[in-house]
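Enquirer: Below you'll find the structure I mean.
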Amino acid sequence: MKGIVFANQEKYLTTLRNKPDALIAEMEEFALENQVPILNWNAAELLEMLVRNSKPKRVLEIGMAIGYSSIRIARQLKKKSILHAIEKSKVNIELAAAYIDRAELTDKIQIMEGDALAIMPEMKKKYDFIFLDADKQDYEKLFHYSLKLLKKNGIIFIDNLLWHGFAAARNVPAKQKKSTQIIREFNKLFLNTPSLQSTIIPVGDGVGIGIKVRK
Ligand SMILES: C[S@@+](CC[C@H](N)C(=O)[O-])C[C@H]1O[C@@H](n2cnc3c(N)ncnc32)[C@H](O)[C@@H]1O
Numbered sequence: 001m002k003g004i005v006f007a008n009q010e011k012y013l014t015t016l017r018n019k020p021d022a023l024i025a026e027m028e029e030f031a032l033e034n035q036v037p038i039l040n041w042n043a044a045e046l047l048e049m050l051v052r053n054s055k056p057k058r059v060l061e062i063g064m065a066i067g068y069s070s071i072r073i074a075r076q077l078k079k080k081s082i083l084h085a086i087e088k089s090k091v092n093i094e095l096a097a098a099y100i101d102r103a104e105l106t107d108k109i110q111i112m113e114g115d116a117l118a119i120m121p122e123m124k125k126k127y128d129f130i131f132l133d134a135d136k137q138d139y140e141k142l143f144h145y146s147l148k149l150l151k152k153n154g155i156i157f158i159d160n161l162l163w164h165g166f167a168a169a170r171n172v173p174a175k176q177k178k179s180t181q182i183i184r185e186f187n188k189l190f191l192n193t194p195s196l197q198s199t200i201i202p203v204g205d206g207v208g209i210g211i212k213v214r215k
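For the sequence shown, my numbering gives the first residue as 1, with consecutive numbering after it.
See below:
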């Protein structure tokens with residue numbers, strides 16, 4: 001998959017990147033080798049900064065995969081804060097649980113196994129921060145569920161909104177047409193949701209950031 005940032009810019013930023021710790025580096029390598037789509041490192045740094053600065057008590061992640069972003073989020077949390085991570089793939093849950101154990105974050109990350117489409121409508125308690133990173137065809141529904149679960153002044157962070165560059169492309173390969181259409185429609189919805197102050201930033205694969213300004 002293509003990146004959305006000019007290759008020379010990406011290369012330049014990578015040369016400046018502070019070396020991640022061994023576990024994070026291992027997870028990035030694993031994801032690359034096994035084609036697990038994890039958050040781009042640069043976008044992950046932005047996510048970490050937002051989490052750190054907003055000091056959320058309750059964080060929800062929708063789509064945990066191998067736990068890469070979960071670990072990066074959890075490391076920013078204050079002592080009594082918690083991350084609930086929903087994941088439907090048993091294989092990914094097994095991998096994530098092992099990494100979370102190695103990161104010594106089992107007390108900070110609670111894995112919720114199953115389909116977020118079924119789990120979220122049953123959830124009642126609200127969250128201060130939500131990271132949406134699941135299947136793109138589920139985005140619209142999961143976004144509506146997220147809005148209901150997000151506290152006022154809470155932050156929602158959404159990955160892949162520039163969809164490997166296809167969202168802005170004139171010519172989209174046939175294989176990507178449907179997913180691109182879904183993302184384009186979603187972006188309009190996201191940026192026109194009255195309860196949110198929202199923007200899309202061209203970092204990583206394009207991240208959406210929204211603050212819930214009213215109920
Ligand atoms: C892009 S990956 C998540 C990457 C992870 N957030 C990271 O950056 O390290 C998407 C994950 O979401 C899971 N997923 C997709 N749709 C889901 C749904 N409706 N409910 C639960 N998990 C879902 C997939 O199984 C996959 O592991």
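Ideal placement from N, C-alpha and C gives every residue a C-beta, glycine not left out.
For Gln217, name the three-state secondary structure that DSSP assigns.
Expert: No answer is possible for residue 217: it lies beyond the span of the chain, which begins at 1 and ends at 215.
Enquirer: Between Gln35 and the rest of its own chain, which residues show a CB-CB distance below 8 Å, the 5 nearest in sequence each way excluded?
Expert: none
Enquirer: Between Lys215 and Ser195, is the Cβ-Cβ spacing less than 8 Å?
Expert: yes
Enquirer: From Asn42 to Ala134, what distance separates their C-alpha atoms?
Expert: When the Cα atoms are used, Asn42 and Ala134 turn out to be separated by approximately 19 Å.
Enquirer: Kindly give me the distance between the Cβ atoms of Lys55 and Lys78, rounded to whole angstroms, as I take these residues to be in contact under 8 Å.
Expert: 6 Å
Enquirer: State whether the region 104-120 contacts the region 83-96, with contact taken as three or more CB pairs (one from each stretch) at a distance under 8 Å.
Expert: Yes, since at least three Cβ pairs between the region 104-120 and the region 83-96 fall closer than 8 Å, the two stretches touch.
Enquirer: Take Ile155 as the anchor and find which of Tyr127, Tyr139 and Ala44 has the nearest alpha-carbon.
Expert: Tyr127
Enquirer: Could you check what DSSP says for Arg214 in three-state terms: helix, strand or coil?
Expert: Of the three classes helix, strand and coil, the one that applies to Arg214 here is coil, per DSSP.
Enquirer: Grab me the residues of Gly67's own chain with a C-beta within less than 6 Å of its C-beta, minus the 5 sequence neighbours each way, in chain order.
Expert: Ala96, Tyr99 and Ile100
Enquirer: Suppose you measure from the CA of Pro121 to the CA of Leu149; what does that come to, to the nearest Å?
Expert: 9 Å
Enquirer: My output table needs one value for Asp159: the three-state DSSP class, helix, strand or coil.
Expert: Three-state result, Asp159: coil.
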